[in-house]
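Structure first, then comments.
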Amino acid sequence: ETGVTQTPRHLVMGMTNKKSLKCEQHLGHNAMYWYKQSAKKPLELMFVYNFKEQTENNSVPSRFSPECPNSSHLFLHLHTLQPEDSALYLCASSQVLRSSRGTNEKLFFGSGTQLSVL
Amino acid sequence: GQQVMQIPQYQHVQEGEDFTTYCNSSTTLSNIQWYKQRPGGHPVFLIQLVKSGEVKKQKRLTFQFGEAKKNSSLHITATQTTDVGTYFCAGLYGNKLVFGAGTILRVKS
Chain G
5 ETGVTQTPRH LVMGMTNKKS LKCEQHLGHN AMYWYKQSAK KPLELMFVYN FKEQTENNSV
65 PSRFSPECPN SSHLFLHLHT LQPEDSALYL CASSQVLRSS RGTNEKLFFG SGTQLSVL
Chain D
4 GQQVMQIPQY QHVQEGEDFT TYCNSSTTLS NIQWYKQRPG GHPVFLIQLV KSGEVKKQKR
64 LTFQFGEAKK NSSLHITATQ TTDVGTYFCA GLYGNKLVFG AGTILRVKS
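Chain order of the listed sequences is G and D.
122 is the number that this note's numbering gives the last residue of the first sequence; the numbers go up by one with no jumps.
112 is the number that this note's numbering gives the last residue of the second sequence; the numbers go up by one with no jumps.
Structure representation (C-alpha cells):
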C-alpha cells in the first residue's frame with residue numbers, strides 16, 4: 005500500500021465511450037501526476053498539478069481531460085480514445101520542496117489502471 | 004527536450020551474478036532518482052542522489068552519481084530472484100523529472 009489509490013484497476017472501453025480514471029492520495033502531498041506507460045517506452049508524463057493548479061500539460065491530446073478538485077483527488081476523463089491509447093495509466097503524488105540542494109520530487113505511484121481501447 | 008538514456012534495455016543473469024544499469028544525460032541534473040517496478044506492479048522509489056560523486060548503498064544495491072552530475076549507475080551484487088523487475092532512473096532537470104526507458108532484469112535460478 006503506497007498511500008495512492010487508483011480505480012479502476014482494469015478498464016476496457018470502446019472508442020466512442022466516455023470513462024474516468026480516479027486517483028486518491030492519503031499522504032498529504034501537494035502535487036499529483038498522471039503518467040502513461042506503454043510497452044517498450046519510457047514513462048510519459050501527461051499532466052502535473054501543484055496545489056490543485058495544472059502546471060504541466062505535456063502535449064497530451066484533448067481526448068484526455070484531467071481534473072483536480074482538491075489536493076487529494078485527481079481524475080482523468082477519457083473520451084473518443086484510440087486503440088493506441090491502450091496502456092497502463094499511473095497516478096503519482098509527491099511533496100514538492102525547495103531546498104538549497106534542489107527540489108525534492110520523490111514520487112509515490114498508485115497501482116495503475118490497465119486500459120484497453122477496442 | 005531533456006532526455007535520459009538508460010542502458011542496457013534488457014539483461015538476463017544467472018542468480019548470483021552481478022548486474023549494472025547505467026543512465027546518461029547530455030545536460031547537468033539537479034538530482035537523480037531510481038525506481039524499481041516488479042512485473043505487473045508499479046514503480047517504487049528506491050533512492051535519490053543529489054551531490055556530485057555521491058555513492059549510496061542499500062544492502063546489495065550500490066548507487067552512484069557522476070562527478071559532473073550527468074550520469075548515474077545502479078549495481079546489484081550477487082543477484083537474487085527477488086531482484087527481477089524493471090529498474091528506472093529519473094533525472095531531475097530544474098523541477099521536471101524525466102524517466103529513462105528502464106532496464107529489465109531477469110534472474111535465472
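We put the CB at the ideal spot given by N, CA and C, even for glycine.
Starting from the beta carbon of H45 of chain D, find every residue of chain G whose beta carbon is closer than 7 Å, and list them in chain order.
The sequence position of residue 45 of chain D within the second sequence is 42, counting from 1. Result: L94, F113, G114, S115, G116.
Which runs of the beta strand (DSSP E) fall wholly inside the region 34-58 of chain G and span at least 3 residues, in chain order?
35-41, 48-54
Are there 16 or more other CB atoms within 10 angstroms of the CB of V58 of chain D, so buried, or fewer, so exposed?
The residue you call residue 58 of chain D lines up with position 55 of the second sequence. When all chains shown are included, V58 of chain D counts as exposed.
Pairwise C-alpha distance: G94 of chain D and I10 of chain D
For the purposes of this step, residue 10 of chain D is taken as residue 7 along the second sequence, with counting starting at 1. For the purposes of this step, residue 94 of chain D is taken as residue 91 along the second sequence, with counting starting at 1. So the alpha carbons of these two residues sit roughly 14 Å apart.
Name, in chain order, the residues that DSSP records as bridge partners for R109 of chain D.
Against the second sequence, residue 109 of chain D aligns to sequence position 106. Looking at the DSSP assignment, R109 of chain D forms a beta bridge with D:H15.
Check whether the region 72-80 of chain D touches the region 28-36 of chain D, taking contact to mean three or more Cβ pairs, one atom from each stretch, closer than 8 Å.
yes
Just the C-alpha distance for S63 of chain G and F51 of chain G, rounded to the nearest angstrom, thanks.
Walking along the first sequence from the start, residue 63 of chain G turns up at place 59. Walking along the first sequence from the start, residue 51 of chain G turns up at place 47. Approximately 9 Å between the Cα atoms of the pair.
Would you kindly report the start and end of the unbroken beta strand (DSSP E) that includes H30 of chain G?
Taking the first sequence and counting its residues from 1, one reaches residue 30 of chain G at position 26. Premise fails: H30 of chain G is in no beta strand (DSSP E) and is neither H nor E.
Residue from D:W37, D:M8, D:P42, D:G97 whose Cα sits closest to the Cα of I79 of chain D:
Here residue 79 of chain D refers to the residue found at position 76 of the second sequence. If we check each option's Cα against that of I79 of chain D, D:W37 comes out closest.
Assuming contact is defined by CB atoms lying nearer than 7 Å, are Q41 of chain G and A96 of chain G in contact in what I supplied?
Along the first sequence, one-based indexing puts residue 41 of chain G at 37. Along the first sequence, one-based indexing puts residue 96 of chain G at 92. It is not a contact, given that the beta carbons lie outside the stated cut-off.
Does the Cβ-Cβ distance between G116 of chain G and C27 of chain G come in under 7 Å?
In the first sequence, residue 116 of chain G corresponds to position 112, counting from 1. In the first sequence, residue 27 of chain G corresponds to position 23, counting from 1. No, the pair does not count as a contact, with Cβ atoms beyond the cut-off.
Please name the residue or residues paired with S28 of chain D in a DSSP beta bridge.
Locating residue 28 of chain D in the second sequence gives position 25, counting from the first residue. Answer is D:V7, bridged to S28 of chain D.
Helix, strand or coil: how does DSSP classify E57 of chain D here?
Counting from one through the second sequence, the residue named residue 57 of chain D turns up at place 54. Coil, per DSSP.
In its own chain, which residues sit with a C-beta less than 6 Å from the C-beta of G19 of chain D, not counting the 5 before and 5 after it?
Taking the second sequence and counting its residues from 1, one reaches residue 19 of chain D at position 16. If we look at G19 of chain D and ignore the five residues flanking it on each side, its Cβ neighbours are A81.
Helix, strand or coil: how does DSSP classify P46 of chain D here?
Counting from one through the second sequence, the residue named residue 46 of chain D turns up at place 43. Three-state DSSP puts P46 of chain D in coil, outside helix and strand.
Please check if any C-beta of chain G sits within less than 7 Å of the C-beta of L100 of chain D.
In the second sequence, residue 100 of chain D corresponds to position 97, counting from 1. So yes, L100 of chain D belongs to the interface.
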